[in-house]
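S.K.:
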Amino acid sequence: MYSTAESTDEDAGDDRYLAAAAAAGDRSAFEVLVRRHGPALYRYARRMVRDEGAAADIAQETFVAAWRRIEDFRADSSVRTWLFAICARKVVDSRRVRVAQPIDDRLVDPADTSAGSDPFASVSNHEFLAALEVALSELPVRQREVWILRDIERLTFPQIGDILSLSPDAARGHHHRARTTLAQRLQRWR
Numbered sequence: 001m002y003s004t005a006e007s008t009d010e011d012a013g014d015d016r017y018l019a020a021a022a023a024a025g026d027r028s029a030f031e032v033l034v035r036r037h038g039p040a041l042y043r044y045a046r047r048m049v050r051d052e053g054a055a056a057d058i059a060q061e062t063f064v065a066a067w068r069r070i071e072d073f074r075a076d077s078s079v080r081t082w083l084f085a086i087c088a089r090k091v092v093d094s095r096r097v098r099v100a101q102p103i104d105d106r107l108v109d110p111a112d113t114s115a116g117s118d119p120f121a122s123v124s125n126h127e128f129l130a131a132l133e134v135a136l137s138e139l140p141v142r143q144r145e146v147w148i149l150r151d152i153e154r155l156t157f158p159q160i161g162d163i164l165s166l167s168p169d170a171a172r173g174h175h176h177r178a179r180t181t182l183a184q185r186l187q188r189w190r
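UniProt numbering puts the first residue of the sequence shown at 1, with every later residue one more than the last.
Below is the structure:
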């Protein structure tokens, strides 16, 4: 659906330029934003809703809303944060927030081939990811959202606060509670 290109900190200035160009009607600039941020938005939506189709719809609705409102982008946050905020609202609107979705390969280093050659490591990694999925699904929705945005998408607490309409301290508190709960539930893998 989306390319595997990921956003970096260096892209933030470029994103602002692309958003300004898109606001002026440049569709190709907006397409770059879609390719750059689409995978992360889809991953986030996929973890927050039950099925892949709903996650794809949410990602698409996020970009439709962004295109319609691109001229309202104030650049007081990053384009990535602005898109995640739209996506978070679309997830809530979907009313399918209750079930967490599988963790993807971002938690496992694809360059690490040691698990592929070691059957014990491979089984252990699979069991850990399965246990993590269960533990995440049992977290309160807000804690799960914050944990995913912080530990998977690598956003800062101020960015998470902007996305979820929380103060950075509240985001930090939800993250702390989520990590504490996950550490307790996944103690076997310590």
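The beta carbon of each residue, even a glycine, is placed where N, CA and C say it ideally should be.
Only a predicted model underlies this, so the values are computations on that prediction, with no experimental measurement involved.
ILE70 to ARG47, Cα distance in whole Å?
M.R.: Within the sequence shown, numbered from 1, the residue matching residue 70 stands at position 70. Within the sequence shown, numbered from 1, the residue matching residue 47 stands at position 47. Taking the straight line joining both Cα atoms gives about 26 Å.
S.K.: Taking only runs of the alpha helix (DSSP H) that begin and end inside the UniProt domain "RNA polymerase sigma-70 region 2" (33-96), which ones reach a length of at least 4 residues, in chain order?
M.R.: 52-69 and 79-94
S.K.: Pair every Cβ in the stretch 160-172 with every Cβ in the stretch 71-85, then say whether three or more of these pairs are closer than 8 Å.
M.R.: yes
S.K.: Which word fits VAL91, buried or exposed, when buried means at least 16 other C-beta atoms lie within 10 angstroms of its C-beta?
M.R.: Here residue 91 refers to the residue found at position 91 when the sequence shown is read from its first residue. Looking at its Cβ environment, which holds 16 or more other Cβ atoms inside 10 Å, VAL91 is buried.
S.K.: Judging by CA-CA distance, which residue of ASP151, GLN187 and ARG179 is the nearest neighbour of TYR44?
M.R.: The sequence position of residue 44 within the sequence shown is 44, counting from 1. Checked all of ASP151, GLN187 and ARG179; the closest Cα to TYR44 is ASP151.
S.K.: Helix or strand or just coil, what does DSSP make of GLY13?
M.R.: For this step, residue 13 is matched to residue 13 along the sequence shown. Reduced to three states, the DSSP call for GLY13 is helix.
S.K.: Do LEU33 and THR62 count as a contact pair if the criterion is CB distance below 8 Å?
M.R.: The count along the sequence shown starts at 1 and reaches residue 62 at position 62. The count along the sequence shown starts at 1 and reaches residue 33 at position 33. The answer is no: Cβ separation not under 8 Å.
S.K.: I believe ARG142 touches HIS176 by the beta-carbon criterion, under 8 Å. Please report the beta-carbon distance rounded to the nearest angstrom.
M.R.: In the sequence shown, counting from the first residue as 1, residue 142 sits at position 142. In the sequence shown, counting from the first residue as 1, residue 176 sits at position 176. Not quite, the Cβ-Cβ distance comes to about 12 Å (not below 8 Å), so this is no contact.
S.K.: Tell me the DSSP secondary structure of GLU153 in three-state form.
M.R.: Residue numbering aside, residue 153 sits at position 153 when the sequence shown is read from its first letter. Coil, per DSSP.
S.K.: Please report the straight-line C-alpha distance between ASP57 and ARG188, rounded to a whole angstrom.
M.R.: Locating residue 57 in the sequence shown gives position 57, where the first residue counts as 1. Locating residue 188 in the sequence shown gives position 188, where the first residue counts as 1. Rounded to the nearest angstrom, the two C-alpha atoms are 37 Å apart.
S.K.: Should ASP15 be labelled buried (16 or more other beta-carbon atoms within 10 Å of its own) or exposed?
M.R.: The residue given as residue 15 occupies position 15 in the sequence shown. Counting Cβ neighbours within 10 Å, ASP15 comes out buried, since at least 16 surround it.
S.K.: Work out the CA separation of VAL134 and GLU31 for me, nearest whole Å.
M.R.: Here residue 31 refers to the residue found at position 31 when the sequence shown is read from its first residue. Here residue 134 refers to the residue found at position 134 when the sequence shown is read from its first residue. In a straight line, the C-alpha of GLU31 is about 35 Å away from that of VAL134.
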